Amino acid sequence: GFVLIAMLIFLSSNVPCNAQVTVPVYRLFDHKTGIHFYTIDVNRKLESVGAGWTYEGVAAYVLDRQAPDTVPLFVFVVPLRFGEKDDQFIGHVFAYTTSENEKTQLLQSEVSHADGGPSQWTFDHNGIAAYIASKQLPGTVPLYRLYHPPHFTDYFAKGGRDCLFNSNDSFLTTSED
Numbered sequence: 019g020f021v022l023i024a025m026l027i028f029l030s031s032n033v034p035c036n037a038q039v040t041v042p043v044y045r046l047f048d049h050k051t052g053i054h055f056y057t058i059d060v061n062r063k064l065e066s067v068g069a070g071w072t073y074e075g076v077a078a079y080v081l082d083r084q085a086p087d088t089v090p091l092f093v094f095v096v097p098l099r100f101g102e103k104d105d106q107f108i109g110h111v112f113a114y115t116t117s118e119n120e121k122t123q124l125l126q127s128e129v130s131h132a133d134g135g136p137s138q139w140t141f142d143h144n145g146i147a148a149y150i151a152s153k154q155l156p157g158t159v160p161l162y163r164l165y166h167p168p169h170f171t172d173y174f175a176k177g178g179r180d181c182l183f184n185s186n187d188s189f190l191t192t193s194e195d
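For what it's worth, my numbering labels the leading residue of the sequence shown as 19, then goes sequentially.
Written out as structure tokens, the structure is:
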């Protein structure tokens, strides 16, 4: 299951925050890998849907540029191998954080996958998904970041590993449920 690893502050609706208009964060889901992806870019949303991702709606509202009392929501990507021995699939996993320490740790860490070679976390596009409130402000609600830890299975006689469905998934929600 998922583990709650952080609570961030997101805006609850498309209302001005610090004299700036908010934009929607689109949530997408890949049924082949169990991975979620979040973007404020409508073109990336449409490209993802065209590539087989399912659009799940607006997760929250955020700012598309820095404003007082906001911090960047960093976004990272790493390729992982999903599937079984006869049904290998390369999928991308995304990670999100506002923490400078976690950002540094991700950029310095590797993730291993079935073909034996490690993958390096890198920034997705420019590395900033959006800007969010760094503390509770009027009109904001908590954003919960849940994380599904990696789970691997051995399937090669020589010890290769395969990442199981929704391993490393980050799920962002404003719902306590």
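No residue lacks a Cβ here, since even glycine has one placed at the ideal position from N, Cα and C.
These numbers come from a predicted model, not from an experiment.
- Threonine 115 is not a Cβ neighbour of leucine 161, given a cutoff of 8 Å.
- Counting every other CB atom within 10 Å of its CB across the protein chains shown gives aspartate 195 a total below 16, marking it as exposed.
- Distance from the CA atom of phenylalanine 189 to the CA atom of glutamate 74, rounded to whole angstroms, is 12 Å.
- Counted as a single uninterrupted DSSP element, the alpha helix (DSSP H) harbouring valine 60 occupies residues 60-68.
- Counting other Cβ atoms within 10 Å of its Cβ, glycine 109 reaches 16 or more and is therefore classed as buried.
- One Cα belongs to phenylalanine 94, the other to phenylalanine 55, and the distance between them is close to 11 Å.
- In the displayed model, leucine 155 falls within coil according to three-state DSSP, outside both helix and strand.
- The alpha carbon of valine 129 has as its nearest neighbour, out of Phe112, Asn119, Glu118, the alpha carbon of Phe112.
- Annotation for glutamate 74: the continuous beta strand (DSSP E) segment containing it runs 72-80.
- Beta-carbon to beta-carbon, alanine 147 and leucine 81 are separated by about 11 Å, too far to satisfy the 8 Å threshold.
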